[in-house]
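J.:
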Amino acid sequence: MYLLIITLHKEEHLNDVLSCLIELGVEDAVIMDSESMEKALAYKVPIFAGLRFDLGGKPFSKTILATCEDKETGKELIRLLKEVDIDLESPGVARILTVKLESVLGKPKPIEEF
Amino acid sequence: MLLLGKLIDEDLITCSLSSKDKGGVIEEMVELFVKKGIVRDKDDFCTTVKKREEVESTAIGEGIAIPHGRAKTVNSLKVAFGKSKQGVDFASLDKKPVYLIFMIAAPIDVRKEYLQSVAKIARLLKSKVMKEALFKAETPKDVMRLIADFDNMVIEEIKVKTKEGRVVYRK
Numbered sequence: 001m002y003l004l005i006i007t008l009h010k011e012e013h014l015n016d017v018l019s020c021l022i023e024l025g026v027e028d029a030v031i032m033d034s035e036s037m038e039k040a041l042a043y044k045v046p047i048f049a050g051l052r053f054d055l056g057g058k059p060f061s062k063t064i065l066a067t068c069e070d071k072e073t074g075k076e077l078i079r080l081l082k083e084v085d086i087d088l089e090s091p092g093v094a095r096i097l098t099v100k101l102e103s104v105l106g107k108p109k110p111i112e113e114f
Numbered sequence: 115m116l117l118l119g120k121l122i123d124e125d126l127i128t129c130s131l132s133s134k135d136k137g138g139v140i141e142e143m144v145e146l147f148v149k150k151g152i153v154r155d156k157d158d159f160c161t162t163v164k165k166r167e168e169v170e171s172t173a174i175g176e177g178i179a180i181p182h183g184r185a186k187t188v189n190s191l192k193v194a195f196g197k198s199k200q201g202v203d204f205a206s207l208d209k210k211p212v213y214l215i216f217m218i219a220a221p222i223d224v225r226k227e228y229l230q231s232v233a234k235i236a237r238l239l240k241s242k243v244m245k246e247a248l249f250k251a252e253t254p255k256d257v258m259r260l261i262a263d264f265d266n267m268v269i270e271e272i273k274v275k276t277k278e279g280r281v282v283y284r285k
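Top to bottom, those sequences are chains A and B.
Sequence positions in the first sequence follow my numbering and run 1 to 114.
Sequence positions in the second sequence follow my numbering and run 115 to 285.
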């Protein structure tokens, strides 16, 4: 089993990312509010305030944590989204990390749509 | 990976919905499932779909709705497609009439594939090219061809089995 970590800097893609994860059979994701190092520096460390000139939009991002069976899930996610013109591989859009897990405890509650 | 072409048949498609309201469209499309033997009890499944609509409209905007439901009286996971020429008020998020409707019917115990089919259709309709082509489609054959095109984007990429034995789709 793998841990999928998706840091999404373009929050407007969150719905599409979650929907594609469902399509890929990933259902136990948690979503956290987060911010990039660059944005934290720009807004919280006065000496780096000059970085704000290069930053657009809100200084936040979303981090999605999920377990998956297949280490290719991240690549699959990128491919599915490219089909609808969302490129997670463009600079500054997202980072996707896949980490092999040694142990997973607990069971997720299945998502029940009406 | 779930393929839409396996969930939809030509006789589950109508390009000329006659109903002018949401309830009528739901009943008209459920009737397609009944005729095909997918849904055993029309009233029961209509109630399920309508109850789901009461939670929040499945009309996602830009003339599209994806009503769906799971019920004991559904035999297998299937998708129907309907097109309304005059447009229907579906209480859409953007308040615009709905022209393209994908309805998903699933047995009560089919959970994961049901969710995946909702997500897949939502992604199909996110594609501008596909959406425009569906708006132009005039016959069930046209619709089937478009869905096959969408599925083929995936089929061409079936290459690999992972260590765990799952088939993944890669470029």
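Don't be surprised by glycine CBs; every beta carbon is placed ideally from N, CA and C.
As the structure is a prediction and not an experimental result, all values here were calculated from the model.
(1) Hey, would you say B:I235 sits closer than 9 Å to B:I218, going by beta carbons?
(2) Determine, using beta-carbon pairs with one atom in the region 125–141 of chain B and one in the region 250–261 of chain B, whether at least three such pairs fall under 8 Å.
(3) Rounded to whole angstroms, what's the CA-CA distance from A:T73 to A:L24? Just pull it up for me.
(4) Nearest CA to the CA of B:L118: which residue from B:Q230, B:V169, B:V243, B:S241?
(5) Considering Cα atoms alone, identify which of A:K10, A:V17, A:Y2, A:M1 is closest to A:L80.
(6) Examine chain B for any beta-carbon lying closer than 9 Å to the beta-carbon of A:V84, and answer yes or no.
(7) Let me see if you follow: with CB-CB separation under 9 Å, is A:I31 close to chain B or not?
(8) Tell me whether B:P181 sits in a helix, a strand or coil according to DSSP, three-state version.
(9) Say whether the region 170–186 of chain B touches the region 195–208 of chain B, bearing in mind that this needs 3 or more beta-carbon pairs closer than 8 Å, one atom from each stretch.
(10) Over the uninterrupted alpha helix (DSSP H) stretch that includes B:C129, give me the two end residues.
(11) Give a yes or no on whether the minimum CB-CB distance between A:G135 and chain B is below 9 Å.
T.: Let me lay it out:
(1) Taking the first residue of the second sequence as 1, we reach residue 235 of chain B at position 121. Taking the first residue of the second sequence as 1, we reach residue 218 of chain B at position 104. Result yes, Cβ atoms of B:I235 and B:I218 sit closer than 9 Å.
(2) Touching, yes, given that three or more Cβ pairs across the two stretches are closer than 8 Å.
(3) Start at 1 with the first residue of the first sequence, and residue 73 of chain A comes out as number 73. Start at 1 with the first residue of the first sequence, and residue 24 of chain A comes out as number 24. If you take the alpha carbons of A:T73 and A:L24, they lie about 7 Å apart.
(4) Within the second sequence, residue 118 of chain B is the residue found at index 4, counting from 1. For the residues B:Q230, B:V169, B:V243, B:S241, the minimum Cα distance to B:L118 belongs to B:Q230.
(5) Here residue 80 of chain A corresponds to residue number 80 of the first sequence, with the count starting at 1. Nearest C-alpha to A:L80: A:V17.
(6) Translated into the one-based positions of the first sequence, residue 84 of chain A becomes position 84. The Cβ of A:V84 sits closer than 9 Å to at least one Cβ of chain B.
(7) Residue 31 of chain A sits at position 31 when you count from the first residue of the first sequence. Chain B contact via Cβ: absent.
(8) Here residue 181 of chain B corresponds to residue number 67 of the second sequence, with the count starting at 1. Of the three classes helix, strand and coil, the one that applies to B:P181 here is coil, per DSSP.
(9) With the cut-off at 8 Å, the region 170–186 of chain B and the region 195–208 of chain B touch.
(10) As a working note, residue 129 of chain B is residue 15 in the second sequence. DSSP places B:C129 in no alpha helix (DSSP H); its state is neither H nor E.
(11) Nothing about residue 135 of chain A can be read from this structure; chain A reaches only from 1 to 114.
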